[in-house]
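Colleague:
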Amino acid sequence: MRIALISDTHMPRGTRAVPPACVEAMEVADLIVHAGDLSAVSVLDWLSSLGPPVRAVHGNVDSPDVVSRLPETDMVVADGLTLALIHDAGPAKGRHERMRRRFPEADAAIFGHSHQPLHENAEGFQIFNPGSPTERRRAPQRSFGIAETGTGVLEFRHVWID
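Structure representation (structure tokens):
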């Protein structure tokens, strides 16, 4: 199973758009996961129109319509592996351990908020921030993520957007 992972799209705003490479990856994925800060319901509707099922959580800048449609946290089971979804995983110090305690049944936690791509794997639990495909902020590049389950474990990778 291939999962496209995005976060912090913050749309619509100006001429901001999800880059074609990210759209293409989402269209061929088995599942699209958005870790919050979509901003408007139109983004959720657009993601749903791409074809694969969509799972998402709301973030701190989402409109009231988005917040009413999406949970703060979610759990997704993919090929028997469990992904926890949350927008804000809190401060960097102690994040891995904090997410492990909050989601003890999960194999990984997917989060956003900081726009900082991150992947940590320790003691059989992973945390992954795909970054943002639309707004890099302090990150070196815009990015999104791909997770694959074919080996019986979650394999994450970042896709960098020039």
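-18 is the number of the first residue of the sequence shown in the numbering used here; add one for each residue after it.
Note that beta-carbon positions come from the ideal geometry of N, C-alpha and C, so glycine has one too.
1. Taking all protein chains shown into account, do 16 or more other C-beta atoms lie within 10 angstroms of the C-beta of Met167, making it buried, or fewer, making it exposed?
2. Using a Cβ-Cβ cutoff of less than 6 Å, which residues in the same chain neighbour Leu51 once the five nearest sequence positions on both sides are dropped?
3. In terms of alpha-carbon separation, which member of Pro85, Ile(-16), Ser(-12), Leu62 lies closest to Thr123?
4. Residues in its own chain within less than 7 Å of Thr54 by CB, not counting five upstream and five downstream?
5. Which of the three DSSP states, helix, strand or coil, is assigned to Asp46?
6. Identify every residue that forms a DSSP beta bridge with Arg36.
7. Please name the residue or residues paired with Val58 in a DSSP beta bridge.
Modeller: From the atom records:
1. With the chain covering -18 to 143 only, the question about residue 167 has no answer from this structure.
2. Counting from one through the sequence shown, the residue named residue 51 turns up at place 70. Around Leu51: Ala37, Val38, His39.
3. Residue numbering aside, residue 123 sits at position 142 when the sequence shown is read from its first letter. Before going on, a small fix: residue 123 reads as Arg here, not Thr. Among Pro85, Ile(-16), Ser(-12), Leu62, the Cα nearest to that of Arg123 belongs to Ser(-12).
4. Stepping through the sequence shown from its first residue, residue 54 is reached at position 73. Counting only Cβ-Cβ distances below 7 Å, and skipping sequence neighbours, we find Val38, Ala65, Leu66, Ile67.
5. Locating residue 46 in the sequence shown gives position 65, counting from the first residue. Asp46 falls in the helix class under three-state DSSP.
6. To locate residue 36, count along the sequence shown from 1; it is residue 55. According to DSSP, which records beta bridges pairwise, Arg36 is partnered with Val14.
7. In the sequence shown, the residue the question calls residue 58 occupies position 77. Thr63, per the DSSP bridge assignment.
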